[in-house]
Amino acid sequence: MKKLLTGNYAASYGAILSRAEVISAYPITPQTQIVEKLSTMVAEGKLSAEFINVESERSALAVCMGASATGVRAFTATSAQGLALMHELLHWTAGARLPLVLVNVNRAMAPGWTVWCDENDSLSQRDTGWIQIYCESNQEVLDSVIQAYRIAERIMLPVMICMDGIFLSHTQEIVDVPEQEKVDRFLPPYKPPVFLDTSSPHAFGSLTPPPVYFEFRYKLQQAMDEAQAEIEETGKEFGNIFGRNYGLLDEYLLNGAEIAVVALGTVCGTCRVAIDRLNKKGNKIGMLRIRTFRPLPKKKVLEDLRGVKKIMVIDRNISYGHHGILHQEIKSALYRELNIPVFGFIAGLGGRDITPEDIEQMVNYTLKHEEPDTDILWWGVNR
Amino acid sequence: MKFRASELPLTPVSLRNTIPIRTGDWRYVEPFYEEKLSPCAFACPVKTDITSCIALLAEERFGEAAELWKESNPFPGVCGRVCPRFCERECLRKHLGGSIKIHLLERFIGDLNIYVQNKIQRNGKKIAIVGSGPAGLACAYHLSRKGYEVTVFEKENLLGGLLRTIPSYRLSQEIVDKEIEGILKQGMDIEINKELGKDFSLQELKQQFDAICVATGLKERKLNIEGVKLSNVWSGREFLKLNKDIQNKKVAVIGGGDTAVDVARVALRRGSKVDVFYRRRREDMPANPYEVEEGMEEGVNIEYLSEPLKIEKYGSFLRLFLKKKADGNGEFFIDVDGVVIAVGEEGKTVDGEMEDTFLCGDILTQKGTVSHAIGSGKETASLIHEYFFGESTLAVLPVVKPEDINLDYFKVDYPPEEKKRDVSQRIKDFDEVCQGLTKEEVIKEAKRCFSCGKCNGCDNCYVFCPDAAISKQDGKYIIDYDHCKGCGICVEECPRGVVSMRRTEK
Amino acid sequence: MKIFNIPEEENMNPGHVACPGCASALSMRFALKALGRETILVVPACCWSVIDGPFPYSSVKVPLFHIAFGTTAAFASGIRAALKMKNKKANVVVWCGDGEAFDIGFQTLSGAAERKEDIIFVCYDNEGYMNTGIQRSSATPIRAWTTTTPKKYPKQELKKDLVEIFAAHKIPYAATATVAFPEDMIRKFSRAKEIRGLKLIHILSPCPSGWKFPENLTVKISRLAVETGIFPLYEVEYGEKYTVNHIPKWLPVEEYLKKQGRFSHLTEKDCQEKRAYIEKKWLELREKSKSLEKIPILVNN
Ligand SMILES: Cc1cc2nc3c(=O)[nH]c(=O)nc-3n(C[C@H](O)[C@H](O)[C@H](O)COP(=O)(O)OP(=O)(O)OC[C@H]3O[C@@H](n4cnc5c(N)ncnc54)[C@H](O)[C@@H]3O)c2cc1C
Ligand SMILES: Cc1ncc(C[n+]2csc(CCOP(=O)(O)OP(=O)(O)O)c2C)c(N)n1
Ligand code: SF4
Ligand code: SF4
Ligand code: SF4
Ligand SMILES: [Mg+2]
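Chains as they are written, first to last, in numbering that gives the first Met the number 0: chain A, 0 to 382; chain B, 0 to 505; chain C, 0 to 300.
Written out as structure tokens, the structure is:
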């Protein structure tokens, strides 16, 4: 059924269709409607779940972890400050191998206070052991939440679905809401191998001394490796049932392209418009959208970029003291494999618009230069 | 501990319980169960297991209590009445309401008049016992219960030795009869009116018996002053046997022991006025302090630090000259109708003939109490047994110290009132002054006992072990040394000092 | 002749790695006897995150989840919600130190209390951060030594009154308990089991290493805390109905203090101050508890 939905509602429908049984979240703009929608649905008896209105994001995640550890499907959503407040528990969720799904509505970090978008919040949670998927549309948000549970519960790792705040969360798009019965076929009930069960008592997460800690971390990395195939397979299977295919990455006009624009999130939509305009003028520009940031599909990235002459990375984020986070990631993927200059743009921090014109100008700059003038190409900053 | 990643669960999920962790290896000291001798039992000359008997009384298991008591002391009725209560002086309840009235519990046990069966096979060894005082009879009793064929020789026509001279207002002779009867029931031959040195010799006995035990007690000590041969001057024991009224007479008693006080109280009951002269202070009096107290209640006057010098006859009365020790020159006299000399006992020195015989009672210990005599009889029986069979039956146990008791578990609680007949009544007859306890009082009193050094299954060690290292099996506590860390809480929380600490051997 | 009747069922195995004489281990033993096997434990950072045993061991015979500091009440709420969805019953129990209850997890606990979460929240209070080596917490008593409140500058602030704080949340049940009174403790756990909503059990848990007393005195000190009046044993229902469970013997407070190295620097004035606090607390309790009307408060004796 097609509906006009904001990103927040799309995320809520994803959770509803996935039959999340325990939901807990704490309001923060621009995620608030997710909390409102789901709590109303539960209160009205339209969703068979427990909704727990907690006093902080840390508690929201803790509630979900507790539920997940007891063997039920749990859902939470947050943004920026809230995600940062969860930080310790993000590590804990992954380390405890709890297959939670969390929707993060990307918002820039304070101070100063802002509710506008950038991705510093979720990208700085890179090393917590979560699978991270970045969406470009509200449809993708809904579809990804459903896929996320299947991936999470097979690999036993939590999944964070990221959508750009305001740009997706508060923008209505036409979204095809799948039928419950089909979703049920795609996503079987959650049955973990061990959980908090009085008939089979275990202690979880006890003191783990050096002779074994290391092995558990090795296993976590193994799971991340396995996740790549799982994400791909899930995306395909989803396509088979619902007619929309998803993969680790999303390539646009990369075949024969000379310049590849690499980015994640909604800026990719803007890129598509700019690239179309540029290519009409005879340029050969393509785009690589990083849908799966963790695990980073390095091999696929290399395959996709092999053959281009220049790479442009547009980062709506920054790792202070170094440069754009995606920029680093792409460069490290290329290491000793492809010797291609990478142009690292930083743009749109704190929700500043990135227009198709901005993209076109970035491409023009790249066309004109053999190598970037500086490590960071600040786009649009008033110095 | 080494695991391959492939063998591990996804996240640290426990795979087994902690029993394989030997936390007991941390320990350098460890608790162990060690029943101890209670201070009361240790102080008791008979070494009766007072504590266990009291525990049985508390549970209203009177018969068992009596049997257990009589396993060590066949004279509870007697001792409960006349023993100076060595046990009670040491009782650890002392400061929490007052010592347990052990003598009243003992008396109750005695008055139940329960015989213990002797089912032992005779072992063929023949023992002769000379003297049927409490020592001789206790020795005979224990030997018979160990299987010996015992014959008791007594010069008098009545068994019991000096028990027969203790006046009946303190010790009903019926009780003595019954307890002696109980002893005889153990199986033994009795030869009365047979005096050693007169009717038979040790030499003769040695030919007929495998061992001989002499328990002939002590003789009265004589006083070497002028006038002791005068008429109306008696020895204590003579006076007590007189059994005639001396109405409205004045009697002077010389001495400070049980005999002296008894003489005074008997004289009083026979209608006389009595003064006792003792050469030292009250606290030095060898007499049973309870009996001194009772005598004084009844009107016995005691002059301390008064040393007798001579007795002279002045017409119809006797004049006793004395000297007050405090002031060097304080000579004085008193005119009386009779003088009784009760200045203690003295022993027959052990002569060569006795060398390879066993001794017991006052003749050996010179202690001069019934309970010492019984204890000595019991101990000599054990020695005789050891002599024949080499097995020592005298166990050595540590004694509970006051600090071993955890007073937090006991509340202040008072003993029952001791019931004595009114003075005005009791001095008119020879009936017992003190009365025993009722059944209910006995149970209540027994429940006040701490049960020092004897586990009574209070469970505290089991309850308070933070390591769940103490379990219960068949009514016993078992310490799991693989896991006991040696914290010592069980030792501390045991109310009665049953759990001790020792170094752990590494 | 039993003094304390406690259930025989043993739901904690030996071999746990608590310090010798640890009251928190003993408390767990008692608690599990009352709670039984249909129980799920949630444990934050604290001594108990060590005590239960390192991987691959666990001492308790019930499921136990080790979770981050400051999150227990929420994590437990999640378990309860999941059990509800699964239509299953179990006691959901948070087992934490004073760090969690008084400090880092205080907000979370308050949230869970307000939401009426059906959990039993147990704080074994050893009056400091012991696992990290004896630092002060807001449960450390005034004038006590810890490594962050050295003897020259001991703690200057009063201990928070946890039970009163949660009584003010109107939770259905709040109670204090300590190991020297095992039957009382077990009864309180059994009661907590039967009540729906958030139950708080505040256990005073003497710690030989942190309080500096010989290991064998754990129970003794626990008893003295009660008998001096320092740690009243009581229950509060819905913030209103107060029941005092034990009238102290009013032993001199010094008997409690002088057995512990952490108080060895206390002066007579400090003791006087302690007595004043005890008296104040008991006057408050007497005011609130109807059953106490005629009880004399004899702290100064
Ligand atoms: C008046 C009085 C009051 C007392 N009051 C108390 C009291 O309140 N509490 C207390 O504990 N103690 C008391 N005593 C002391 C106590 O009675 C004795 O210490 C105790 O009886 C000693 O026991 P025994 O068996 O060693 O000797 P004895 O009781 O003296 O018995 C010795 C026995 O040996 C017999 N005998 C002696 N010579 C021969 C021989 N040659 N041949 C055969 N038989 C012989 C004697 O006839 C006697 O029966 C009292 C003593 C007296 C006299
Ligand atoms: C977020 C966080 N901060 C600090 C710590 C370090 N830490 C571990 S246990 C502990 C103190 C625990 O104290 P308490 O709760 O009283 O329990 P106890 O150790 O006394 O049993 C601290 C500070 C931690 N684990 N997590
Ligand atoms: S309390 Fe009982 S066991 Fe202890 S000394 Fe007294 S009578 Fe003996
Ligand atoms: S209480 Fe337990 S751990 Fe402590 S010493 Fe006794 S048996 Fe050992
Ligand atoms: S430090 Fe204290 S509370 Fe912690 S385990 Fe040791 S004794 Fe127990
Ligand atoms: Mg603590």
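Note that CB positions come from ideal geometry on N, CA and C, so glycine has one too. Keep in mind that this is a model prediction, so the values were computed, not measured.
Just to confirm, are A/LYS308 and A/ILE274 a CB contact at a threshold of 8 Å?
Numbered from its first residue, the first sequence carries residue 308 of chain A at position 309. Numbered from its first residue, the first sequence carries residue 274 of chain A at position 275. It is not a contact, given that the beta carbons lie outside the stated cut-off.
Within the continuous beta strand (DSSP E) that includes B/ASP274, where are the two ends?
One-based indexing of the second sequence puts residue 274 of chain B at position 275. Per DSSP, B/ASP274 belongs to the beta strand (DSSP E) from 272-276.
When the Cα atoms are used, what is the spatial distance from B/LYS46 to B/LEU363?
By one-based count along the second sequence, residue 46 of chain B stands at place 47. By one-based count along the second sequence, residue 363 of chain B stands at place 364. Looking at the two C-alpha atoms, the distance is approximately 18 Å.
Could you have a look at C/TYR123 and say whether DSSP puts it in helix, strand or coil?
Position 124 of the third sequence holds residue 123 of chain C. Residue state for C/TYR123 is assigned as strand, using DSSP reduced to three classes.
On the criterion of 16 or more Cβ atoms from any shown chain inside 10 Å, does C/ARG142 qualify as buried, or is it exposed?
Here the question's residue 142 of chain C lines up with position 143 in the third sequence. Buried, because 16 or more other Cβ atoms sit within 10 Å of the Cβ of C/ARG142.
Here's the rule: buried if 16 or more other CB atoms are within 10 angstroms of the residue's CB, otherwise exposed. What is A/MET361?
Numbered from 1 along the first sequence, position 362 holds the residue referred to as residue 361 of chain A. With 16 or more Cβ atoms within 10 Å of its Cβ, A/MET361 is classed as buried.
Any residues in the region 168-202 of chain A with a beta carbon nearer than 7 Å to a beta carbon of chain B? Which ones, in chain order?
VAL193, HIS201 and ALA202
What are the complete beta strand (DSSP E) segments, minimum 3 residues, inside the region 76-150 of chain B?
For the region 76-150 of chain B, whole beta strand (DSSP E) runs of length 3 or above, ordered along the chain, are 125-129.
Report all residues from its chain with a CB closer than 8 Å to the CB of B/LEU157; omit the five preceding and five following residues, and keep chain order.
To locate residue 157 of chain B, count along the second sequence from 1; it is residue 158. Correct list, in chain order: ARG163 and ILE191.
Selection from A/LYS297, A/ILE27 and A/TYR148 that minimises the alpha carbon distance to A/ALA83:
Within the first sequence, residue 83 of chain A is the residue found at index 84, counting from 1. Per the Cα distances, A/ILE27.
Using a cut-off of 8 Å between C-beta atoms, extract the partners of C/ILE78 located in chain A.
Translated into the one-based positions of the third sequence, residue 78 of chain C becomes position 79. The contacting residues are GLY65, ALA66, ALA68, THR69 and LEU195.
Is C/THR217 near ligand 1 - that is, is its Cβ less than 7 Å away from at least one heavy atom of it?
Counting from one through the third sequence, the residue named residue 217 of chain C turns up at place 218. Not so, every heavy atom of ligand 1 lies at least 7 Å from the Cβ.
Which same chain residues end up closer than 7 Å to A/PRO177 when comparing Cβ atoms and leaving out the 5 residues on each side of it in sequence?
Position 178 of the first sequence, counted from the first residue, corresponds to residue 177 of chain A. The residues are LEU16 and PHE241.
A/GLN124 versus C/ASN215 - alpha carbon distance
Looking up residue 124 of chain A in the first sequence gives position 125. Looking up residue 215 of chain C in the third sequence gives position 216. Near 48 Å, if we compare the C-alpha coordinates of C/ASN215 and A/GLN124.
With respect to the beta strand (DSSP E) encompassing C/GLU236, which residues constitute its N-terminal and C-terminal limits?
The residue labelled residue 236 of chain C in the question sits at position 237 within the third sequence. C/GLU236 -> beta strand (DSSP E) spans 233-236.
Mind listing the chain A neighbours of C/ILE39? Cutoff is C-beta to C-beta under 7 Å, in chain order.
For the purposes of this step, residue 39 of chain C is taken as the residue at position 40 of the third sequence. What C/ILE39 touches in chain A: LEU195 and THR197.
Taking just the CA atoms, how far does A/VAL300 sit from C/LEU82?
Position 83 of the third sequence, counted from the start, is the residue given in the question as residue 82 of chain C. Position 301 of the first sequence, counted from the start, is the residue given in the question as residue 300 of chain A. Distance between the alpha carbons of C/LEU82 and A/VAL300: 43 Å.
Does the distance between the C-beta of C/ASN4 and the nearest non-hydrogen atom of ligand 6 fall short of 7 Å?
Taking the first residue of the third sequence as position 1, residue 4 of chain C is located at position 5. The answer is no for C/ASN4.
Starting from the beta carbon of B/PHE2, find every residue of chain A whose beta carbon is closer than 7 Å, and list them in chain order.
To locate residue 2 of chain B, count along the second sequence from 1; it is residue 3. Simply VAL211 and GLU214.
Sequence ranges, alpha helix (DSSP H) only - wholly within the region 218-292 of chain C, length at least 4
Considered as a whole, the region 218-292 of chain C harbours 252-256 and 267-287 as its complete alpha helix (DSSP H) runs of no fewer than 4 residues, in chain order.
One question on the structure: do B/GLY256 and B/PRO285 come within less than 8 Å of each other, judged by their Cβ atoms?
Locating residue 256 of chain B in the second sequence gives position 257, where the first residue counts as 1. Locating residue 285 of chain B in the second sequence gives position 286, where the first residue counts as 1. The answer is yes: Cβ separation under 8 Å.
Can you tell me whether DSSP reads B/LEU222 as helix, strand or coil?
Your numbering for residue 222 of chain B matches position 223 in the second sequence. B/LEU222: coil per DSSP, three-state reduction.
Take every Cβ of the region 226-236 of chain C, pair it with every Cβ of the region 177-196 of chain C, and state whether three or more of those distances are shorter than 8 Å.
yes
Can you list, in chain order, the residues of its chain with a C-beta nearer than 8 Å to that of B/VAL28? Leave out the 5 residues immediately preceding and following it.
Translated into the one-based positions of the second sequence, residue 28 of chain B becomes position 29. Hits under 8 Å: GLY485, GLY487, MET500, ARG501, ARG502 and THR503.
Assuming A/GLY6 and A/MET162 form a contact by the criterion Cβ under 8 Å, report the distance between their Cβ atoms to the nearest whole angstrom.
Position 7 of the first sequence, counted from the first residue, corresponds to residue 6 of chain A. Position 163 of the first sequence, counted from the first residue, corresponds to residue 162 of chain A. Right, their Cβ atoms sit about 5 Å apart.
Roughly how many angstroms separate the alpha carbons of B/TYR413 and B/LEU91, rounded to a whole number?
Counting from one through the second sequence, the residue named residue 413 of chain B turns up at place 414. Counting from one through the second sequence, the residue named residue 91 of chain B turns up at place 92. Cα to Cα, the separation comes out at about 13 Å.
Quick one: any contact between the region 460-471 of chain B and the region 13-31 of chain C, if contact means 3 or more CB pairs under 8 Å?
yes
Please state whether DSSP places A/CYS63 in a helix, a strand or coil.
Stepping through the first sequence from its first residue, residue 63 of chain A is reached at position 64. DSSP, reduced to helix, strand and coil, places A/CYS63 within a helical segment of the structure shown.
What's the call for A/TYR212, buried or exposed, on a 16-neighbour Cβ count within 10 Å?
Looking up residue 212 of chain A in the first sequence gives position 213. With fewer than 16 other Cβ atoms within 10 Å, it is exposed.
Supposed contact pair A/ARG293 and A/CYS267 - C-beta distance, whole angstroms, cut 8 Å:
Working through the first sequence from its first residue, we reach residue 267 of chain A at position 268. Working through the first sequence from its first residue, we reach residue 293 of chain A at position 294. Their Cβ separation, rounded to whole angstroms, is 18 Å, which puts A/CYS267 and A/ARG293 out of contact at 8 Å.
Could you check what DSSP says for B/TYR27 in three-state terms: helix, strand or coil?
Position 28 of the second sequence, counted from the start, is the residue given in the question as residue 27 of chain B. Reduced to three states, the DSSP call for B/TYR27 is coil.
Taking all protein chains shown into account, decide if A/ASP224 is buried (16 or more other Cβ within 10 angstroms of its Cβ) or exposed.
Mapped onto the first sequence, residue 224 of chain A falls at position 225. When all chains shown are included, A/ASP224 counts as exposed.
Identify every run of the alpha helix (DSSP H) within the region 124-192 of chain A, keeping only runs that are complete inside it and at least 4 residues long; order them along the chain.
137-154 and 179-185
Answer with yes or no whether the minimum CB distance from C/PHE262 to chain A is below 8 Å.
As a first step, residue 262 of chain C is located in the third sequence; it is residue number 263 there, counting from the start. Not one chain A Cβ lies under 8 Å of C/PHE262.
Considering just the uninterrupted stretch of the alpha helix (DSSP H) at A/LYS367, what are its terminal residues?
Translated into the one-based positions of the first sequence, residue 367 of chain A becomes position 368. For A/LYS367, the enclosing alpha helix (DSSP H) starts and ends at 355-367.
Going along the chain, which residues of its own chain have a beta-carbon closer than 7 Å to the beta-carbon of A/ALA222, five neighbours each way excluded?
Translated into the one-based positions of the first sequence, residue 222 of chain A becomes position 223. ILE154, MET155 and LEU156.
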